[in-house]
Structure formats: structure tokens, C-alpha cells
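What follows is a single structure, written as C-alpha cells, with notes after it.
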Amino acid sequence: MLQHRPDACEVIVPHAGNYDDPFELGDEVKFVDAGTASVIQQIGEAATVARGRFVHVLADGHVAGQDWADQALLEFEHHDAGVVVPVVRHSDSDEIANAGWRQSAGSACEMVAAGTDSVKAGKGTRIDGGFLTTSFWRRDLLRSLTGSLRGSNDVVETSMAYCLLARQAGWRCVVSRECNIRIGDSNSPLGDYQTDVDANHRRLQAIADQFGTGGWGKSLGRFIATSLSYGVRSAIRRATAPMAQTAIAKALRTNSALRCDEQVEAIRIPVSSNESYRRAA
């Protein structure tokens, strides 16, 4: 990432307290002792000390290329864009691992564009959220969401909860088709969120149901739809989501997200002089 560091960008590296900077990067990087090995909590600590208006989370094992952030940051010109998702590709091909996730008939968390080599433009590609390990956020929104899913250190669970809470608060999540991030090769477990979804479909569907409708009445339809696409085991877990409903409801803080209409934006006010613009909030 440092090789392709954008201009006027601070780099924050949270850690569990056992990193002593053997490469002497202290002049280029701000190291933050999060006191925990939890990636979720480390991201929260980094967001707390970040000074920029936008934060790009790039987890271990992900590789950013030249000018990777430019196109993604342009998406924030839309006032209601709260989360921007890059296209995550495998390093040994142009195959897409994911371009975020969406809810579908067969899954509570379906990988967008997985297995293809391009993301369709326009309304053909619907996206409900991205993954915390590689996504762009408005800093204040990410701060407000930190800790919204208590007791969970699961990346997919927390990513779903944060993005659905953001949508509930009036924000949109959009994919930046020109922003590409690379991960391990096609056989690498790194970023293999589909396996995580299959193994944890019960809790993931229970999270989704907090923002929609669930219950045992939908179980049979979900079982059939998921069986056809993802197999019986994943289908059983998804169909039994009501079993996890109470635990998820207790863990989720549904009023934590900064609302889109509450954001404080800096605006430019033109003045009739040769001086630079004044800025007002």
C-alpha cells in the first residue's frame, strides 16, 4: 500500500500490542495499539484516531495498485454515499472474488459478481453492502457504527450489520467499478467469504431479518432456494434463522448509526476577491 500511497493520505496500522516496527516505518505510518487481535476492534480503533473525512480499510493480504483510491473517492461526491466498495480480484487472474454483497432469494449474503471478470454498469448490479476488510467509509459514519454488533468478531456478520444499519440511516452503498484490489490466488482461503456464509447462514439471516421480515413462515421457501444454489447444509442453517433471532436482537444496537441528514459537511462559499475560498460547515 505504501508503494501506491495517495497524496495527502495518512496510513494507520492498528495492532494487538505486540508489533515493534522492525522495518522502521514510524515516519510513514501511524501505529495504533488496539490491545486486541480482533480485526473488528482494530478497525474501530483506527477510525477513532483517523483525521481524514474518508477511511479506506485494507486488511492484511490485500494489495492496492496505482491510483486505486481515486475513482472510489469520487463516489463520495454524492451526499448520501456512505460506503464505497472496490472490486476485489484474485491475484492470478482477473476473476472477481466479490464486489460487495447483496441479499437474494438464495442467500442472506450473496457475493456480487463472484466468478466473473467484470461488474455490470447501471442498475443491473444491485449491492447491499461491502466487507469491512476492504471498503471505503465516511469516517464519522464508521465511528458511529463501531461496536454496533456486540459480542461478535466475525467479519461477515459485522459487515452485514454495519451496512444494513447505514442503509436504515439513509446512506447508500455503491460499488466503484474502476477501483480494483487484489487478494490471494483463486485457491487461497483469503477473502473466501462464501465459505464463511455457508457455515454461518443462520446468524447472517437472523441479522438480515432484523431489518426486514423473517420467522418460521419463510423457512421452507428459504430452504428450497438455498439448497438449489448453495447446498443442503447452508440451506438448513438459513432456514433455522429464527433460532438465532433473540440473540441477534440483544447484540444489535439499531439506533447507533449517524443519519445521512445529520452529517456535517464542509461547503465552499465563493467570494468576490482574489483570496482563496472560505470554508464553512
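Residue 113 in numbering that gives the first Met the number 0 sits at position 114 of the sequence shown, and the numbers go up by one each step.
Built from N, CA and C at the ideal position, the CB exists for glycine as well.
Item: Just to confirm, is the Cβ distance from residue 82 to residue 51 under 8 Å?; Value: no
Item: Which same chain residues end up closer than 6 Å to residue 272 when comparing Cβ atoms and leaving out the 5 residues on each side of it in sequence?; Value: Model confidence at residue 272 stands at a pLDDT of 48, short of 50, so the residue's coordinates are unreliable and nothing is read from them.
Item: Please report the Cβ distance between residue 206 and residue 160, rounded to the nearest whole angstrom; I am assuming they are in contact, meaning their Cβ atoms lie under 8 Å.; Value: 6 Å
Item: Return the residue from the list 70, 107, 6, 183 that minimises the CA-CA distance to residue 212.; Value: 107
Item: Just to confirm, are residue 99 and residue 228 a CB contact at a threshold of 8 Å?; Value: no
Item: Rounded to whole angstroms, what is the Cα-Cα separation between residue 246 and residue 57?; Value: 30 Å
Item: If we call anything under 8 Å between Cβ atoms a contact, is residue 178 one with residue 71?; Value: yes
Item: With a CB to CB cut of under 6 Å and the five nearest residues on each side skipped, what residues in its chain are close to residue 270?; Value: Note that residue 270 has pLDDT 47, beneath the 50 cutoff, so the model's placement of it is unreliable and the number below is only indicative. No residues qualify anywhere along the chain.
Item: Could you check if residue 223 is buried or exposed, using at least 16 other CB atoms within 10 Å of its CB as the buried criterion?; Value: exposed
Item: One question on the structure: do residue 152 and residue 42 come within less than 8 Å of each other, judged by their Cβ atoms?; Value: no
Item: For residue 194 and residue 234, what's the separation of their Cα atoms in angstroms?; Value: 13 Å
Item: Which residue wins for smallest C-alpha separation from residue 63, given the options 257, 164, 90?; Value: 90
Item: Only counting the same chain, and skipping five residues up and downstream in sequence, which positions put a Cβ closer than 8 Å to that of residue 88?; Value: 94, 95, 96, 179, 180, 181, 182
Item: Would you kindly work out how many angstroms separate the C-alpha atoms of residue 143 and residue 26, rounded to a whole number?; Value: 29 Å
Item: Out of 9, 5, 32, 7, state which residue places its alpha-carbon closest to the alpha-carbon of residue 18.; Value: 32
Item: Report buried or exposed for residue 8, applying the criterion of at least 16 other Cβ atoms within 10 angstroms of its Cβ.; Value: exposed
Item: Kindly examine the ligand SAM and report whether one of its heavy atoms sits closer than 7 Å to the Cβ of residue 10.; Value: The ligand content of the structure shown is nil, which means the ligand SAM is not present either.
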